[in-house]
Each structure stands twice: as structure tokens, then as C-alpha cells.
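Trainee:
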Amino acid sequence: MANERTFLAWIRTGVALIGFGFVIAKFALFLQLLKGVKGTGNSVLFGEVMILLGGAVIAYGLLIYHLTEIDLNNGTYKSRHVMNSVFAMIVLITAVGLALLVI
């Protein structure tokens, strides 16, 4: 049951990132219509990256869920601290890259 709750938390986080990505991208287009300014700057790019990141979070959660389920069924559960650390670094590098684009 804990494995399923963790998987659902990954799904919830991914959906939140996807939703936030859509908000960022659409808000830039809304401002363009409202102010009549041409171009959306980096907002659409940020939104697209957030949407892709949300999809990656869901895919990673699915992978971890299946690997953990197999381990639990075999009675050979092991921590995935290396995989989780690598994924966290990828997310962190993406966040830093987006932050540098803002500057």
C-alpha cells in the first residue's frame, strides 16, 4: 500500500508541474493579448520545460513503482538512493538552467 501511495504522490507532483507549465505558457499569451506586445519572451519556453519536467516525473515515478513492486514480490527490496539522487540532480540542473535564463 505504501508503494501505491508513493506512486500516487509522484503522479500528483507530475500533474501539478504540468498544470503549472500550462499556466506559465498561457499567461504569457494572455499578457501578449492584453498589452498588445509582440513576443512572449521566455515564458512559453519555461512553460514547455515545466510540462516536460512533469511528464518526466510521472515516468520516473512509474519506473520506481514497478521496480519496487518487483522487489517486494521477490522479497529483495533495496533502496534506490543512487537513482533518486541522479533524478534529483537532473531536476536541480533544469531548475538552475531556467533560473539563469531569467537573468
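Residue numbers for the sequence shown follow the UniProt record's numbering, so the first one is 1 and each next one is one higher. Ideal Cβ placement from N, Cα and C applies to all residues, glycine included.
Closest by CA to LEU17, which one among LEU63, ALA88, GLU48 and ASN42?
Mentor: For the purposes of this step, residue 17 is taken as the residue at position 17 of the sequence shown. Residue GLU48 is the option with its Cα nearest to LEU17.
Trainee: Is it a yes or a no for the stretch 3–13 touching the stretch 62–82, going by three-plus beta-carbon pairs under 8 Å?
Mentor: Counting Cβ pairs under 8 Å, three or more are found: they touch.
Trainee: Just to confirm, are LEU45 and LEU92 a CB contact at a threshold of 9 Å?
Mentor: In the sequence shown, the residue the question calls residue 45 occupies position 45. In the sequence shown, the residue the question calls residue 92 occupies position 92. Not a contact, by the Cβ cut-off of 9 Å.
Trainee: What first and last residue would you give for the alpha helix (DSSP H) that runs through SER43?
Mentor: Indexing the sequence shown from 1 puts residue 43 at position 43. Note, SER43: alpha helix (DSSP H), 43–74.
Trainee: According to DSSP, is SER85 part of a helix, a strand, or is it coil?
Mentor: Looking up residue 85 in the sequence shown gives position 85. In this structure, SER85 counts as helix in the three-state DSSP scheme.
Trainee: Below 8 Å on the Cβ atoms is my contact criterion, and I expect THR13 with VAL57 to pass it. Report the Cβ-Cβ distance as a whole number of Å.
Mentor: Numbered from its first residue, the sequence shown carries residue 13 at position 13. Numbered from its first residue, the sequence shown carries residue 57 at position 57. Contact holds; Cβ gap of about 5 Å.
Trainee: Can you give the Cα-Cα distance for LYS35 and ALA25, rounded to whole angstroms?
Mentor: By 1-based counting over the sequence shown, the position of residue 35 is 35. By 1-based counting over the sequence shown, the position of residue 25 is 25. Going from the Cα of LYS35 to the Cα of ALA25 covers about 16 Å.
Trainee: Beta-carbon separation of GLY54 and GLY97 under 9 Å?
Mentor: Here residue 54 is taken as the residue at index 54 of the sequence shown, counted from 1. Here residue 97 is taken as the residue at index 97 of the sequence shown, counted from 1. No, these two residues do not count as a Cβ contact at 9 Å.
Trainee: Which residues mark the beginning and the end of the alpha helix (DSSP H) in which GLY14 is found?
Mentor: For this step, residue 14 is matched to residue 14 along the sequence shown. Element bounds for GLY14: 2–35.
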